[in-house]
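First the structure, in the form of structure tokens, and then the observations on it.
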Amino acid sequence: MPPKTANLNRTGLLALCAFAACGGAEAAAPPISFRAQIAPILLEQCQTCHGAAEQKGGYRLDTFDFLSRNEDPSDPVLVAGAPEKSRLYTSLVTSEADERMPKKAPPLPAAQAELVKRWIAEGAAFDGGERTAALIEMVPARTHAKAPDVYAQPIPVTALAFSPDGSEVFAGGLRELTVWNPETGELLRRIGNVAPRVYDLAFAPDGRTLAVAGGAPGEYGELRLFDPKTGVMQSQVLSSADAVLDVDYSPSGELLACGGADRSVSVFETATGRRRHHLQVHSDAVTAVAFSPDGTRIASVALDRGAKVFDVATGKLAAIYREHQAPLYAVAFSPDGEQILSAGRDKAVHQWSIADGKKQRELAGQGDVLKLLVSGGQAYLAGSGAKMMQAATTDLKLSRTLEGARDWIYSMAVHPATQRIAVGSYDGTVTIWSLADGKLRSSFCASPGAGAKTTAAE
Amino acid sequence: MKMLRAFCLLFSLAAAPFLSAEQADSEKLVIPLEPVQIGRPEKIEVSPSEVKMGTPLHNVQVVVTGVYADGTVQDLTRVAQLNAGTEGIIRLDGALVLPVSDGRTELTVQVGGLQQRLPVEVSGQKVPERVSFHYGALAALSKSGCNSGGCHGAPSGKGGFALSMVAFDPESDKVALTRDFLNRRINLPEPESSLLLRKPLMQVAHRGGLKLNRDDESYRLLLDWIRQGCKFDPQGAPTLTGIRVEPSVRRTLKWPAHTQQLRVTADFSDGTHKDITRLAMYSSSEEALATVNAKGLVVGVGRGQVGISVRFLENVETCYLTFVRDVPGFDWKAPAPANYVDELVFERLRLLQYLPSETCTDAEFLRRVSQDVTGLLPSVEASRAFLADTSPGKRAALIDSLLKGPDFARFWAFKWGDLLRLSPAAVSEPGTHKYHAWLVKAWEENLPYDRFARELLTTQGSTLERPQAGFFRTTANTAEATEMTAQIFLGARVQCAKCHNHPFERWTQDNYYGLGAFFERVQRRKGARPDETLVFLARRGEITQPRTGRAMKPWAPGAGEISLPAEADRLVAFADWLTSPQNPYFAKVEVNRMWWQLMGRGIVEPIDDFRESNPPTNPELLDALASDFASHKFDRRHILRTILNSKTYQASSRPNDFNRKDEKNFSHAQQTLLTAEQLLDAVCKVTGTPERFGNLPVGTPATQLPAPQPGNTFLSAFGQPTRQSSCACERQGQPSLTQALQLSNSQTVESRLKNGGGKFLKDMAEQKKTDEEIITHLYLAALCRFPKEIELTKAAAYLAASADRGSAMEDLAWSVLNLREFVFRH
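This is the structure in structure tokens:
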């Protein structure tokens with residue numbers, strides 16, 4: 016996939032550059048950009064109460080369209096050129112405590128209120144493309160601060176992936192990916208400009224692109240593509256209202272699916288960056304998504320306890336499963352694509368048929384099951400029990416338990432060619448076993464400077 | 004047309020003014036802090052006497068009290084001048100002492116020309132302090148309200164984040180805070196970025212609003228706990244053994260000295276203490292009397308006693324403060340006290356500057372005491388005799404005779420039927436009659452209350468032969484038996500503690516199941532005969548605390564775990580504990596219930612909600628009644644007699660200018676709507692026509708029914724309970740439109756008046772009474788008094804002017820039945 020910036024972002028960036036160029040030539044300050052300067056403020060300060068989920072006082076500010084509707088003409092939200100008549104500005108600076116926004120919070124920094132004022136005074140121009148597009152999707156891609164050289168404390172390993180040749184293992188860190196030698200636990204390199212928390216990693220089938228799902232919990236989510244070799248960001252595929260928790264490529268590599276704490280599942284065309292589906296079908300965070308082996312379906316699970324299957328071509332719901340009694344964290348297809356394996360905090364893997372939504376088998380998880388992979392006809396699962404469990408998808412009977420991790424397991428990666436399985440834990444360690452003999456190969460702290468390592472050689 | 008005339012009559016009769024009880028004056032002024040008038044204290048007391056801080060997170064609240072020559076005290080904390088002594092050892096935030104670095108110095112406290120020096124020792128400042136998960140992080144979350152029942156402490160949490168209510172389940176909180184949702188809430192390498200902090204700081208939008216500030220102790224504790232790696236408390240770490248609140252004795256504060264700084268100390272199992280004034284949670288039993296802020300400063304607003312409950316995790320203590328204030332023009336006068344009840348009530352009224360109402364009239368007393376003791380109106384003859392009696396001891400004599408009569412025993416058995424949930428649905432029709440008969444007998448024989456309770460709680464066998472075993476028949480399982488026993492005999496609502504620690508009180512989930520252990524072995528089997536239930540005890544069986552999975556030992560409040568032989572009769576053990584003189588609840592709960600039944604309001608209100616944070620309005624009175632009760636072998640008639648003979652009970656319900664706002668201190672009698680059954684009986688008695696209840700003998704009063712009668716619209720309109728619960732609140736006393744319609748226009752009333760239907764009217768007609776005789780008779784029957792001149796004149800004129808005398812008499816009777824004076828107990 017060629018390097019590409021999602022179209023909106025690219026136009027936006029160009030626009031911003033143009034402004035900067037013009038502004039440089041004249042003494043006057045450049046005009047305020049809505050998408051670059053105002054939208055981020057609205058996103059940070061207003062969305063919880065005046066967004067898609069809730070519209071306190073009847074106000075909705077998550078698109079420019081809503082912002083500029085002025086449904087009550089006697090008390091308009093936005094009057095171009097007249098900040099003092101625009102509630103958007105006056106409510107930020109009023110001295111009446113009950114009226115001032117954001118409610119129950121400290122007032123906005125004066126500089127931010129001033130930006131809003133100037134933008135309105137300058138004519139409240141909209142430079143974000145579609146008026147009805149969500150603000151979160153139009154703001155320019157963030158540049159993330161550098162990761163600390165040395166971590167004060169280990170960060171839980173919530174994302175793991177083997178490089179296509181199995182010679183490297185990528186782990187999610189703090190605003191970075193760390194790349195390790197799986198045999199020695201040696202830190203090979205670090206990839207920056209990543210979201211504060213990384214929740215999932217996926218290599219494109221051609222191995223040339225690494226999808227990184229993450230975000231700042233409660234603030235925003237990001238799905239970015241990186242060149243795994245150079246560590247250069249290729250594009251930002253998605254900016255969303257809360258952390259992106261899981262990402263998966265279709266077997267052909269043409270599509271990319273992700274799900275996140277904003278409760279939605281998105282499907283993108285990798286060639287164009289175009290979003291093909293935006294499925295808002297869960298009532299709580301979507302924790303895992305998976306493509307079927309033939310690429311025609313997507314399964315998703317969420318904290319709302321529901322597991323769902325969609326048709327990729329139409330985006331239509333193909334199956335719903337409601338037998339789980341607790342929030343779900345993991346989902347996978349059986350090798351034949353006819354069954355789903357789903358699991359979560361009710362401490363069991365359910366294997367159920369897509370055709371009738373009925374449970375076929377169950378495997379007790381020895382604790383909450385937070386991660387589940389199917390590879391070569393085998394299901395691998397792990398979670399709060401800090402053990403890796405293995406069972407064949409044909410009978411779902413426990414065939415092997417690998418011990419060695421010491422805390423809740425959040426992430427897992429398998430590399431069939433080198434016969435390695437890796438898990439990442441709350442305590443910051445990555446533990447790698449050989450699938451051939453079940454022996455521990457290495458165990459190391461994936462937070463630079465914050466822990467020790469042991470390897471099979473020692 | 005006729006109805007209209009009758010209404011006019013009603014209004015003209017009602018014009019003889021009958022004062023209504025003043026509504027609660029609900030002015031809730033936010034009283035600003037008055038400047039402290041320091042005056043000339045005789046001495047000052049400073050707490051603590053020395054300041055020792057051994058860790059960086061220690062701080063110490065200093066409380067300064069002025070003691071004056073007249074015996075009064077005043078909190079001078081706000082105005083005392085504190086001097087930190089040697090530079091760099093401590094710093095001061097008001098009267099809060101914080102450590103700076105290791106060393107010794109002296110803290111000087113100056114106020115009112117007096118001075119005290121406190122030795123100060125600061126140590127351990129160079130050693131980082133481990134922040135305890137329980138007493139640091141969870142206490143901070145509790146203090147900030149994060150885990151309150153309305154926020155993340157709700158059963159399913161808020162916004163996907165669920166904590167246990169006030170941290171009653173630290174194990175689940177561990178997971179929720181650190182592991183849950185992919186470690187979403189904590190950022191270990193960059194603790195300040197943790198969502199757990201950013202949300203309540205409102206750095207990230209938070210629907211719960213701003214709950215934390217960077218200079219809060221809670222913020223520092225949470226941040227340090229994260230910085231230290233979110234560690235849980237190691238095995239063997241010191242545990243909290245209790246908390247202490249100062250002032251520790253009841254204190255009276257007189258306006259303008261209306262503030263009190265509290266000081267709270269936590270004691271740990273390793274013998275260490277820690278000042279937790281800034282970490283404890285505070286609430287006022289009555290915001291209209293006093294408010295309390297997050298720093299433990301109490302500000303009095305009204306006059307009266309308030310309980311400030313202080314909570315730290317599952318530990319709750321209460322500080323009692325009485326606020327008084329000079330009322331302009333107040334001049335104490337009161338009737339001569341009849342007994343200790345009056346002495347104690349008057350003492351409090353005098354302190355709070357409320358003036359007791361004058362003693363009620365004989366007619367008011369007659370009607371009130373008859374209703375309260377027997378549930379019934381006296382006969383016209385009895386009223387005439389009592390009103391004519393001129394002997395000084397006639398009230399006491401009437402009380403004695405009522406307490407000895409059969410109606411008393413049946414009425415109080417009926418009241419207990421409500422509490423014990425006697426109903427055919429619960430114990431079958433014959434079971435109800437037998438159980439009811441047992442209750443009547445208990446009251447007739449004046450069965451001492453301790454034996455009464457013991458019979459109910461320990462009787463095993465067939466409910467046909469031993470009806471009091473019905474107690475365990477009405478409680479189908481351990482939970483119901485536990486809750487009903489607690490509600491009736493301990494005056495405690497423990498239901499909350501079934502699923503979580505009580506949010507306001509010291510009842511923990513362990514306590515609930517510990518109490519339940521007494522009842523876990525009770526078995527209920529169907530007997531061989533119809534309607535027979537066998538109640539017996541299994542020899543084994545332990546109750547399991549569902550959260551911890553632990554088998555609970557029998558536990559009783561105040562006594563702790565009670566060790567018993569494996570197969571001991573736990574019901575007997577419980578009854579032994581319950582009725583022992585050391586039990587702080589047993590006597591108080593019952594005297595308070597009797598007081599409530601006679602006075603319309605408990606000394607503790609509601610009567611089944613005894614808890615430290617809901618203090619009695621007059622603790623001395625409750626203590627005196629309880630100790631009188633215990634020393635008279637739990638003789639309930641003795642207590643009733645004592646209360647009935649008091650001037651307090653006999654006070655008029657008309658308020659005066661100096662007690663109009665008082666609702667809680669018994670300065671005047673309460674006007675309350677008669678209960679459904681009392682009202683129906685009164686209507687029947689005045690009209691001379693009884694109500695029929697199923698197969699019961701004709702003439703059985705509603706106030707003596709073994710169980711509620713279904714389908715009586717009059718009774719249900721006036722709030723007859725169906726006996727589903729042991730809460731006195733099941734009886735609804737709220738006035739409603741249905742009630743007005745029942746009285747003015749229902750079959751129950753109409754059939755007793757219309758077309759000569761009522762026996763009273765027939766008698767009057769047959770006996771050829773004069774208008775004046777009829778009117779007088781009606782007033783005596785309904786209101787226990789002679790009509791006033793103006794009432795007589797108007798009513799007589801109405802009778803004289805009407806063409807149809809029978810119909811006019813109906814109107815007259817109807818009007819009297821609709822008088823507020825008839826419908827209310829006053």
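For the protein sequence lines, the chains are A and B, in the order given. In terms of our numbering, the first sequence opens at residue 16 and continues consecutively. In terms of our numbering, the second sequence opens at residue 4 and continues consecutively. By construction, the Cβ of each residue, glycine as well, lies at the ideal position given by its N, Cα and C atoms.
- Separation of T773 (chain B) and E384 (chain B) (C-alpha to C-alpha, rounded to the nearest whole angstrom) is 18 angstroms.
- Of all residues in the region 105–128 of chain A, only P117, K118, K119, A120, P121 place a beta-carbon less than 9 angstroms from a beta-carbon of chain B.
- Per DSSP, the continuous alpha helix (DSSP H) segment holding Y452 (chain B) begins and ends at 452–461.
- In this chain, the beta strand (DSSP E) harbouring R314 (chain B) covers 307–315.
- Counting only unbroken stretches of 3 or more residues, the beta strand (DSSP E) elements lying wholly within the region 370–407 of chain A are 374–379, 384–390, 393–398, 403–407, in sequence order.
- Annotation for T478 (chain B): no beta strand (DSSP E) segment contains it, and DSSP assigns it neither H nor E.
- In the structure shown, G420 (chain B) falls within a helical segment according to DSSP collapsed to helix, strand and coil.
- The Cβ-Cβ distance between A142 (chain B) and F315 (chain B) falls below 8 angstroms.
- The C-beta of A167 (chain A) comes closer than 8 angstroms to at least one C-beta of chain B.
- With a cutoff of 8 angstroms on beta-carbon distance, I151 (chain A) and S48 (chain A) are scored as not near each other.
- Annotated three-state conformation of F136 (chain B) is helix, per DSSP.
- Look at D513 (chain B) here: in three-state DSSP terms it is helix.
- For T433 (chain A), no Cβ of chain B is located within less than 8 angstroms of the residue's own Cβ.
- Taken through DSSP and simplified to helix, strand or coil, A576 (chain B) comes out as helix.
- In terms of beta-carbon proximity, A208 (chain B) lines the interface with chain A, with at least one pair separated by less than 8 angstroms.
- I170 (chain A) reaches chain B at L191, P192, counting residues in chain order whose Cβ is nearer than 7 angstroms.
- Interface flag for S357 (chain A) against chain B is unset, since no Cβ pair is found closer than 8 angstroms.
- With distances taken between CA atoms, L493 (chain B) lies nearest to B:G561 out of B:G561, B:G434, B:S431.
- Against Q295 (chain A), chain B offers no close residue; the least beta-carbon distance is about 17 angstroms (beta-carbon pairs closer than 8 angstroms).
- Counting only Cβ-Cβ distances below 7 angstroms, W195 (chain A) has no contacts in chain B at all, with the closest Cβ about 17 angstroms away.
- Spanning the alpha carbons of R223 (chain B) and G127 (chain B) requires a straight line of approximately 18 angstroms.
- Interface annotation for the region 647–667 of chain B against chain A: empty, criterion Cβ-Cβ distance under 8 angstroms.
- T329 (chain A) carries a coil assignment under DSSP once its states are collapsed to helix, strand and coil.
- The alpha-carbon of L455 (chain A) is positioned some 45 angstroms away from that of S151 (chain B).
- Residue contact with chain A for G232 (chain B): present (Cβ-Cβ distance below 8 angstroms to some residue of chain A).
- DSSP places G519 (chain B) in the helix class (H, G or I) of the three-state scheme.
- Put simply, the CB of Y441 (chain A) is near chain B, with a gap under 8 angstroms to one of its CB atoms.
- DSSP places K323 (chain A) within a strand segment (E or B) once states are collapsed to three.
- For R360 (chain A), there is no enclosing alpha helix (DSSP H), as DSSP gives it neither H nor E.
- The contact set of G163 (chain B) on chain A, defined by CB atoms closer than 8 angstroms, consists of D299, A300, L318 in chain order.
- For F326 (chain B), the beta-bridge partners assigned by DSSP are B:L256, B:G307.
- Between Q62 (chain A) and chain B, the shortest Cβ-Cβ separation is below 8 angstroms.
- DSSP, read as helix, strand or coil, puts V376 (chain B) in helix.
- Interface with chain B (8 angstroms Cβ-Cβ cutoff): E418 (chain A) is excluded.
- For I355 (chain A), the pairing in a beta bridge is given by DSSP as A:F348, A:W367.
- From the beta-carbon of G212 (chain B), the residues of chain A found nearer than 9 angstroms are K118, K119, A120.
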